[in-house]
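A short write-up of the structure that comes next.
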């Protein structure tokens with residue numbers, strides 16, 4: 350149970366723990382079967398029994414050190430009444446995007462137990478099924494990342510609308526982000542109360558901002574979330590912040606109050622460790638595309654990641670981004686087994 | 350004529366020179382008219398008179414300090430016989446992608462004057478029309494960036510095929526990149542002989558690699574290009590390397606032999622300047638999305654970019670990436686004028 354938690358808190362471990370982003374997902378045939386049974390992605394997310402089932406699937410195949418709640422980062426804006434829909438092949442769309450002051454001011458507060466009860470129920474089911482074997486990671490999208498979808502009305506390439514709002518009306522953007530920070534913290538506190546052992550904040554789109562705007566908008570709002578998180582039974586829950594494309598800002602991220610930083614695959618772990626010192630643990634960062642390579646190459650590349658972090662505690666092995674849907678599960682096994690076999694050499 | 354060249358060589362100037370990526374492009378109604386007249390993007394690229402015309406268009410509107418050749422980075426693989434086609438809304442496709450050892454070994458050498466004569470002719474026309482008023486920037490795609498399109502057969506999001514080749518057969522990828530380095534250098538040497546005053550290497554996709562692979566594959570091949578560039582009349586032509594997403598690797602990029610580095614908008618110019626010291630000039634880096642904002646915001650943001658670089662020579666003002674097609678030309682004017690008005694304060 351404790352190897353992931355120990356590593357996140359930079360305590361000594363005997364090997365490097367391993368889990369990976371989107372480990373409950375489309376690359377698994379058993380996931381695709383349940384997904385088909387559910388009829389839609391949203392049905393799968395909102396059905397606690399099915400969400401529990403797909404959360405547990407990768408643990409039956411691989412020697413993983415954590416489960417991560419199967420859910421979506423857009424559950425929060427969906428609960429705010431924005432009208433979320435996933436159209437096949439096109440990604441998420443909001444029927445009622447947030448475009449102006451009025452839209453922002455009328456965003457409702459959310460109550461996790463009533464508005465997102467299906468997530469809380471899934472957490473409780475998964476915790477019961479896990480029975481303490483491995484910890485459960487809960488998560489949410491960062492305020493900035495949620496804002497990009499809410500303002501754009503869906504996914505985006507150039508972030509025209511959300512950046513125009515940020516540039517023209519920075520005070521309004523801050524108001525939106527503060528509201529979202531409260532909602533995200535409430536949501537994560539709900540997950541903590543329901544039983545998750547770790548919480549992770551996904552800042553998928555922090556990396557599209559300028560340096561200064563990342564610090565003032567995205568990171569500042571992430572820090573607001575962190576500051577509003579509750580303890581459980583008097584103990585703090587370990588926290589992870591992942592900003593894709595955030596490699597230039599690690600020093601600042603390391604001071605935002607999180608226990609660990611998730612790194613994408615473009616970061617060099619050795620330099621990253623030097624830059625953050627002993628302030629945070631680091632999680633990452635194999636290029637997900639390595640899983641397309643042959644198993645002996647995967648093993649070699651896993652070795653390089655472990656080697657770049659080097660000796661000692663404070664490393665959680667992960668991919669540098671979510672696994673892609675067309676990866677062969679046998680290649681995932683090669684990765685996980687390589688971590689088990691090669692990482693003890695980096696610990697006492 | 351000399352302000353851009355002086356800034357690229359870190360010589361004193363009285364204000365910061367300004368030009369911007371894709372300045373000859375779709376945001377200009379007069380460009381769209383010529384594009385329509387040409388019938389297709391390829392027709393426009395391959396017609397020296399029309400390419401000359403659209404190259405000059407932005408100079409008639411704005412007080413720019415350089416022209417940049419209107420062309421496409423994929424002219425080189427097209428000249429190699431890969432069968433380039435641009436389908437409307439879908440981007441470039443190659444009929445004959447490069448997937449294996451045989452494909453790589455049979456890639457022909459190219460002769461710029463015969464295989465890419467239309468580009469050389471455009472350069473000569475533009476130089477004649479410019480009559481020394483401002484310098485002309487020539488360019489090419491970097492070997493790695495060209496390789497991504499050639500192996501994938503077009504644009505990509507996950508770079509599955511090209512990364513699989515790199516991971517499984519690194520020696521083969523190096524062979525491809527070395528061949529491309531020769532072709533790109535030959536092409537740029539052709540442009541230099543035809544009259545361009547500066548050459549810029551666009552490494553659009555260097556930023557999708559791991560740190561180590563960026564250095565060993567993308568940057569190493571860019572350096573090979575640099576080493577094969579000719580002088581003209583016994584004088585070296587100033588060179589610029591732009592890697593989108595390369596902010597983590599500036600120290601290494603500054604040692605690859607280029608006179609200047611192009612920076613995307615996520616880099617902080619002050620930190621970048623500290624990191625590269627006096628080894629290179631820096632070009633950039635206003636977020637292209639700032640041009641969606643109101644003119645007074647654009648002016649303020651231009652001021653911030655100038656301020657982050659700070660006092661002294663070695664800065665060329667630019668966007669951090671190409672201008673987007675739906676920008677209002679009046680907003681471009683606000684940017685260019687702000688550079689003219691605000692930048693003298695940063696020079697003697």
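Chains as they are written, first to last, in the working numbering: chain A, 350 to 697; chain B, 350 to 697. We put the beta carbon where it would ideally sit given N, CA and C, even for glycine.
Continuous alpha helix (DSSP H) assignments of at least 4 residues falling wholly in the segment 452-534 of chain A: Segments of the alpha helix (DSSP H) lying fully in the segment 452-534 of chain A: 461-464, 466-479, 492-501 and 509-517.
Return yes when the Cβ of residue 567 of chain A is within less than 9 Å of the Cβ of residue 578 of chain A, no when it is not. no
Excluding five sequence neighbours on each side, which residues of the same chain lie with their C-beta closer than 7 Å to the C-beta of residue 556 of chain A? 592, 593, 594 and 595
Contact with chain B by residue 636 of chain A, beta-carbon distance below 9 Å: yes
Contact between the segment 665-684 of chain A and the segment 366-382 of chain A is defined here as three or more beta-carbon pairs at a separation below 8 Å; is this criterion met? yes
Cα-Cα separation, residue 496 of chain A to residue 398 of chain A: 29 Å
Contact between the segment 465-476 of chain A and the segment 516-532 of chain A (3+ Cβ pairs under 8 Å): no
Do residue 622 of chain A and residue 636 of chain A come within 9 Å of each other at the CB atom, strictly closer than that value? Result no, Cβ atoms of residue 636 of chain A and residue 622 of chain A do not sit closer than 9 Å.
Identify every residue that forms a DSSP beta bridge with residue 549 of chain A. A:488 and A:589
If you measure beta-carbon to beta-carbon, which residues of the segment 505-519 of chain B are closer than 8 Å to chain A? Cβ contacts with chain A come from 507, 508, 509, 512, 513, 516 and 517.
Are the C-beta atoms of residue 646 of chain A and some chain C residue less than 9 Å apart? Here chain C cannot be found, since the structure's protein chains are A and B.
Name the chain A residues that come within less than 8 Å of residue 491 of chain B, Cβ to Cβ? Correct list: empty, because the minimum Cβ distance to chain A is about 16 Å.
With 16 as the cutoff for other CB atoms within 10 Å, does residue 692 of chain A come out buried or exposed? buried
Quick check: the Cα distance between residue 423 of chain B and residue 395 of chain B, rounded to an integer number of angstroms? 12 Å
To the nearest angstrom, how far is the alpha carbon of residue 430 of chain A from that of residue 445 of chain A? 8 Å
On a CA-only basis, which of A:574, A:410, A:641 and A:619 is nearest residue 589 of chain A? Give me that one, please. A:574
Would you tell me roughly how many angstroms separate the C-alpha atoms of residue 482 of chain A and residue 543 of chain A, rounded to the nearest one? 17 Å
What does the alpha-carbon distance come out to for the pair residue 642 of chain A and residue 457 of chain B? 28 Å
Could you tell me which residues DSSP pairs with residue 632 of chain A in its beta bridges? Partner(s): A:611 and A:665.
Label residue 697 of chain A either buried or exposed according to how many other C-beta atoms from any shown protein chain fall within 10 Å of its C-beta, with 16 as the threshold for buried. exposed
Starting from residue 436 of chain A and walking both ways along the beta strand (DSSP E), at which residues does that stretch end? Residue 436 of chain A -> beta strand (DSSP E) spans 433-436.
Buried or exposed by the 16-neighbour rule on C-beta atoms within 10 Å, applied to residue 401 of chain A: buried
Chain B contacts made by the segment 617-631 of chain A, where a contact means CB separation under 8 Å: 617 and 620
Quick one: using the 10 Å Cβ neighbour count with 16 as the cut-off for buried, is residue 369 of chain B buried or exposed? Looking at its Cβ environment, which holds 16 or more other Cβ atoms inside 10 Å, residue 369 of chain B is buried.
Assign residue 560 of chain A to buried or exposed, taking buried as 16 or more other Cβ atoms, counted over all protein chains shown, within 10 Å of its Cβ. buried
On the DSSP bridge assignment, give the partners of residue 382 of chain B in chain order. Under DSSP, residue 382 of chain B forms no beta bridge with any residue.
Residues that residue 596 of chain B contacts on chain A, provided the C-beta gap is smaller than 8 Å: 596 and 597
Is residue 603 of chain A close to chain B? Criterion is C-beta to C-beta, closer than 9 Å. no
Identity of the residue in B:562, B:652 and B:488 nearest residue 520 of chain B by Cα: B:562
Quick one, are the C-beta atoms of residue 479 of chain A and residue 405 of chain A less than 9 Å apart? yes
Nearest-angstrom Cα distance between residue 547 of chain B and residue 587 of chain B? 5 Å
Which residue marks the beginning of the beta strand (DSSP E) containing residue 443 of chain B, and which one marks its end? 440-443 is the extent of the beta strand (DSSP E) around residue 443 of chain B.
Report the option in A:411, A:371, A:388 and A:389 whose CA atom is closest to the CA atom of residue 688 of chain A. It is A:411 whose Cα lies nearest to the Cα of residue 688 of chain A.
Which one or two residues does DSSP pair with residue 581 of chain A in a beta bridge? A:584
Taking residue 560 of chain A as the query, report the chain B residues whose CB atoms sit under 8 Å from its CB, ordered along the chain. 615, 616, 617 and 620
Would you give the residue range spanned by the alpha helix (DSSP H) that residue 678 of chain B belongs to? 678-691
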